[in-house]
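Undergrad: Chains A and B, in that order, are what the protein sequence lines are. Using my numbering, read the first sequence as starting at 2 and increasing by one per residue. Using my numbering, read the second sequence as starting at 25 and increasing by one per residue. Input: one structure, supplied below.
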Amino acid sequence: MRFQMNILAETALSLLLAGVVWEVCVRLSGVPSYILPAPSGVFIEARSVLPILGQHAWVTVSGTLTSLLLGAALGIVLGILIGYSTIASKLLYPLLGGFHAVPVSAFIPIFAVWFGIGTLPKVLAGVLIAFFPIAVNVVTGLRTIEPELWEMMRSLRASRIQVLWKVGIPRAIPYFFASLKIAAAGAFIGNVVGEMIAAGAGLGYVLLIATNRMEMELAFATLIILLLLGMLIFSAFDALEKWIAPWAFRSQESE
Amino acid sequence: MPAATELLYSARDVGLRYKGAGGSNVEALRHVDLDLKAGEFVSIIGPSGCGKTTLLKMFSGLITPSSGRFQFKGEALKEPPEGIGMAFQDPLLLPWRNVIDNVLLPIEVLRRPRRDYVDKALDLLRIVGLSGFEKKSAWQLSGGMRQRVNLCRALIADPVVLLLDEPFGALDAFTREDLWIVLQELHGRTGSSIVLITHQLSEAVFLSDRVLVLSKRPGHVVHEERIDIPKPRMPDTPLTPQFVQHVGNIRHRIER
Numbered sequence: 002m003r004f005q006m007n008i009l010a011e012t013a014l015s016l017l018l019a020g021v022v023w024e025v026c027v028r029l030s031g032v033p034s035y036i037l038p039a040p041s042g043v044f045i046e047a048r049s050v051l052p053i054l055g056q057h058a059w060v061t062v063s064g065t066l067t068s069l070l071l072g073a074a075l076g077i078v079l080g081i082l083i084g085y086s087t088i089a090s091k092l093l094y095p096l097l098g099g100f101h102a103v104p105v106s107a108f109i110p111i112f113a114v115w116f117g118i119g120t121l122p123k124v125l126a127g128v129l130i131a132f133f134p135i136a137v138n139v140v141t142g143l144r145t146i147e148p149e150l151w152e153m154m155r156s157l158r159a160s161r162i163q164v165l166w167k168v169g170i171p172r173a174i175p176y177f178f179a180s181l182k183i184a185a186a187g188a189f190i191g192n193v194v195g196e197m198i199a200a201g202a203g204l205g206y207v208l209l210i211a212t213n214r215m216e217m218e219l220a221f222a223t224l225i226i227l228l229l230l231g232m233l234i235f236s237a238f239d240a241l242e243k244w245i246a247p248w249a250f251r252s253q254e255s256e
Numbered sequence: 025m026p027a028a029t030e031l032l033y034s035a036r037d038v039g040l041r042y043k044g045a046g047g048s049n050v051e052a053l054r055h056v057d058l059d060l061k062a063g064e065f066v067s068i069i070g071p072s073g074c075g076k077t078t079l080l081k082m083f084s085g086l087i088t089p090s091s092g093r094f095q096f097k098g099e100a101l102k103e104p105p106e107g108i109g110m111a112f113q114d115p116l117l118l119p120w121r122n123v124i125d126n127v128l129l130p131i132e133v134l135r136r137p138r139r140d141y142v143d144k145a146l147d148l149l150r151i152v153g154l155s156g157f158e159k160k161s162a163w164q165l166s167g168g169m170r171q172r173v174n175l176c177r178a179l180i181a182d183p184v185v186l187l188l189d190e191p192f193g194a195l196d197a198f199t200r201e202d203l204w205i206v207l208q209e210l211h212g213r214t215g216s217s218i219v220l221i222t223h224q225l226s227e228a229v230f231l232s233d234r235v236l237v238l239s240k241r242p243g244h245v246v247h248e249e250r251i252d253i254p255k256p257r258m259p260d261t262p263l264t265p266q267f268v269q270h271v272g273n274i275r276h277r278i279e280r
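Given below as structure tokens:
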């Protein structure tokens, strides 16, 4: 607990320091606020529109969690399929890589044509980014079962399903949770990008409108909220990982 | 306990070739002849890469010979038969399970009723000196303790034969010698046959009824040493002239 407090204090201190440097630079250089606003201006703007930003932030966060939920489900199913079946692996694995390599923003206009401007295109964009690390990690967890463990299970005449159920899936759980925080960040990115391209609400949408109107205080306020939300989401899933699969960490300590 | 004369395994002129890396033909075993009786403790010893582990996999039914006759209870093995227990140098405990759940894993795989084996698991854990540890997580144990749990897991389903591939290879000398006593005790109580692969001459002599020496690759049996020291053997048995004589005989036969 003391350790966490230290981290919080250090983070706050480094943010405060960055803010002070930023403020001083803007004041000394005389950059106009429509190019780079001072943090004091951003803070004042943020306070005046906070309730509205809060609503948009909720749109982004709820969309992110929906994307993550669907992406995790899809990632688990694909991961188990690919990790378990050689045929599925040959058919699906390269395709998976392809989907991941195409920038998600390329899919969003197509989703917008299919489903209209709104929630669905950005949630799907989040799903597209989020499922990939989960699928890949589940595959890794399943495929790195020690050969001797396989032999021991086979010498007990275990079926492949039994090996999957007793060894493979529990073994893949820490891999799944390790990828969940990466996937959560991906779902967040997908949602924000989706909101910038094909939505009428959310922090991405606010950011787009603010920059179109050259309201840089609002744009920076939004950006900072995005940053804080990103940190919050990542830390939350990082903590969840350590809570769910403690053996994955402690067994390393005892080696 | 089966009659001591019942023949469990017999190998006649067994050979094994397989395609190695880069398509080269590897001949791991050639002209292997051996027998294993029910309840016997046999060690297999030989230079590195002589095909000891390959031979053990053949005992387990995981691989089948390319030539010769290899039989388990009078029949050729095509897949792992019922009644095999295995343990390796790496204990390979499942870290998400506690000690007793690790021990009971084979029971679950064999779809036998778990409750029928809980007492047996506790009994095995007591014999190996782990009473009171049944609810501990695998990662809380030392290397020697993990290997004790591994032995219990290999024995829980009453195997006809226990196959051990250098189970004590990664342990320090004191722990290893403690585990010799434990394994001897387990062998005496369960009546399972045991095949032990080891690099350690004194380990082989201490535990075995017979020690088979394999040649360099392609491996075959070049020497059989019958160990007639009465059981149970004691911690100071390795100091007796008889023991030293056996170790000397085997050492003399190992090709380097």
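For every residue, glycine included, the Cβ atom is placed at its ideal position computed from N, Cα and C.
(1) Exposed or buried, residue 42 of chain B, counting other C-beta atoms within 10 Å across all chains shown (16 or more means buried)?
(2) If you scan the stretch 112–176 of chain B from start to end, which runs of the alpha helix (DSSP H) of 4 or more residues do you find wholly inside it?
(3) Measure how close the beta-carbons of residue 148 of chain B and residue 179 of chain B come, nearest whole angstrom, since I'm counting them as under 8 Å.
(4) Please list the partners that residue 114 of chain B has in chain A, where partner means a Cβ-to-Cβ separation under 8 Å.
(5) Considering only the alpha carbon of each residue, which of B:100, B:184, B:142 and B:192 lies closest to residue 174 of chain B?
(6) Mapping the DSSP letters down to three states, classify residue 108 of chain B as helix, strand or coil.
(7) Between residue 252 of chain A and chain B, is any beta-carbon pair separated by less than 9 Å?
(8) Nearest to residue 172 of chain A by alpha carbon, out of B:280, B:120, B:96 and B:80?
(9) Identify the contact partners of residue 216 of chain A in chain B, using a Cβ-Cβ distance below 9 Å as the criterion.
(10) Quick check on the DSSP output: the beta strand (DSSP E) that includes residue 95 of chain B runs from which residue to which?
(11) Does the Cβ of residue 28 of chain B have 16 or more other Cβ atoms within 10 Å, making it buried, or fewer, making it exposed?
(12) Please identify the residue among A:229, A:233, A:247 and A:219 whose C-alpha is closest to the C-alpha of residue 36 of chain A.
(13) Please return the same chain residues whose Cβ sits closer than 8 Å to the Cβ of residue 185 of chain B, not counting the five positions on each side in sequence.
(14) Taking 9 Å as the CB-CB cut-off, is residue 255 of chain A touching chain B?
(15) If you draw a straight line from the alpha carbon of residue 93 of chain B to that of residue 56 of chain B, how long is it in whole angstroms?
(16) Which residues in chain A sit within 8 Å of residue 134 of chain B, going by Cβ to Cβ distance?
(17) In whole angstroms, what separates the C-alpha of residue 45 of chain B from that of residue 61 of chain A?
(18) Under 8 Å Cβ-Cβ, which residues of chain E neighbour residue 154 of chain A?
(19) From residue 96 of chain A to residue 136 of chain A, what does the alpha carbon distance come to, in whole angstroms?
(20) Decide if the stretch 58–77 of chain A is in contact with the stretch 115–131 of chain A; the criterion is three or more beta carbon pairs, one per stretch, under 8 Å apart.
(21) How would you list, in chain order, the residues of chain A whose beta-carbon sits under 8 Å from the beta-carbon of residue 108 of chain B?
(22) Would you report the Cα separation of residue 256 of chain A and residue 151 of chain A, rounded to the nearest angstrom?
(23) Which one or two residues does DSSP pair with residue 65 of chain B in a beta bridge?
(24) Give the interface partners of residue 130 of chain B over in chain A, defined as CB-CB distance under 8 Å, in chain order.
(25) Report the option in A:217, A:180, A:11 and A:236 whose CA atom is closest to the CA atom of residue 46 of chain A.
(26) Check the DSSP bridge columns for residue 59 of chain B and list the partner residues they point to.
(27) If we cut at 9 Å on Cβ distances, does residue 246 of chain A have a partner in chain B?
(28) Is the distance from the Cβ of residue 225 of chain B to the Cβ of residue 75 of chain B below 9 Å?
(29) Please indicate yes or no: does the CB of residue 100 of chain B lie closer than 8 Å to some heavy atom of the ligand GDP?
(30) Chain B partners of residue 168 of chain A, CB-CB under 8 Å?
(31) Considering only DSSP beta bridges, list what residue 189 of chain B is partnered with.
(32) Just list the beta strand (DSSP E) runs in the stretch 195–268 of chain B, keeping only unbroken ones of 3 residues or longer that don't cross its boundaries, in chain order.
(33) Given that a residue counts as buried once 16 or more other Cβ atoms are within 10 Å of its Cβ, and exposed if not, what is residue 252 of chain B?
(34) Would residue 85 of chain B pass as an interface residue toward chain A - the criterion being a Cβ-Cβ separation below 9 Å?
(35) How do the stretch 70–80 of chain A and the stretch 179–199 of chain A stand: do at least 3 beta-carbon pairs fall below 8 Å, yes or no?
(36) So is residue 264 of chain B buried or exposed if we call it buried at 16+ other beta carbons inside 10 Å?
TA: Looking at the atomic coordinates:
(1) By the neighbour-count rule (16 or more Cβ atoms within 10 Å), residue 42 of chain B is not buried but exposed.
(2) For the stretch 112–176 of chain B, whole alpha helix (DSSP H) runs of length 4 or above, ordered along the chain, are 123–127, 129–133 and 139–151.
(3) Confirmed, about 6 Å.
(4) The answer, in chain order, is 147 and 149.
(5) The candidate whose alpha carbon is nearest that of residue 174 of chain B is B:192.
(6) In the structure shown, residue 108 of chain B sits in a strand (DSSP, three-state: E or B).
(7) Per-residue confidence for residue 252 of chain A stands at a pLDDT of 49, beneath the threshold of 50, marking its modelled position as unreliable; no derived number is given.
(8) Among B:280, B:120, B:96 and B:80, the Cα nearest to that of residue 172 of chain A is on B:120.
(9) Neighbours of residue 216 of chain A on chain B: none; closest Cβ ~52 Å, over 9 Å.
(10) From DSSP, the beta strand (DSSP E) with residue 95 of chain B extends over 91–96.
(11) Note that residue 28 of chain B has pLDDT 48, beneath the 50 cutoff, so the model's placement of it is unreliable and no number is given.
(12) Considering only A:229, A:233, A:247 and A:219, the residue with the shortest C-alpha distance to residue 36 of chain A is A:219.
(13) If the five residues before and after residue 185 of chain B are omitted, its C-beta is found closer than 8 Å to the C-beta atoms of 32, 33, 60, 83, 107, 108, 109, 216, 217, 218 and 219, all from its own chain and listed in chain order.
(14) Confidence is the limiting factor: at residue 255 of chain A the pLDDT is only 41, short of 50, which leaves the residue's position unreliable, though a coordinate-based value still follows. By this cut-off, residue 255 of chain A is an interface position.
(15) C-alpha separation (whole angstroms): 10 Å.
(16) What residue 134 of chain B touches in chain A: 157 and 158.
(17) Approximately 53 Å, taken between the alpha carbons.
(18) Given the protein chain composition of this structure (A and B), no chain E is represented.
(19) The straight-line gap from Cα to Cα measures roughly 12 Å.
(20) Below 8 Å, enough C-beta pairs join the stretch 58–77 of chain A and the stretch 115–131 of chain A to call them touching: three or more.
(21) Chain A residues near residue 108 of chain B: 156 and 157.
(22) Since pLDDT at residue 256 of chain A reaches only 38, below the 50 mark, its modelled position is unreliable, and the value read off the structure follows with that caveat. Taken atom to atom, the span from the alpha-carbon of residue 256 of chain A to that of residue 151 of chain A is near 22 Å.
(23) DSSP output for residue 65 of chain B lists B:218 as bridge partner(s).
(24) When 8 Å is used as the limit between beta carbons, residue 130 of chain B is near these residues of chain A: 157, in chain order.
(25) It is A:217 whose Cα lies nearest to the Cα of residue 46 of chain A.
(26) Note: residue 59 of chain B sits in a beta bridge opposite B:34.
(27) At least one chain B Cβ lies under 9 Å of residue 246 of chain A.
(28) No, Cβ-Cβ distance for residue 225 of chain B and residue 75 of chain B is not below 9 Å.
(29) With respect to the ligand GDP, the structure offers nothing, as it holds no ligand at all.
(30) Under the 8 Å cutoff, chain B gives 118.
(31) Residue 189 of chain B is bridged to B:112 and B:221.
(32) Listed in chain order, the complete beta strand (DSSP E) runs (minimum 3 residues) inside the stretch 195–268 of chain B are 217–221, 234–238 and 245–250.
(33) Result: exposed.
(34) Yes, residue 85 of chain B lies at the interface with chain A (some Cβ there is under 9 Å from its Cβ).
(35) By the Cβ criterion, the stretch 70–80 of chain A is in contact with the stretch 179–199 of chain A, since at least three pairs of Cβ atoms, one from each stretch, lie closer than 8 Å.
(36) Counting Cβ neighbours within 10 Å, residue 264 of chain B comes out exposed, since fewer than 16 surround it.
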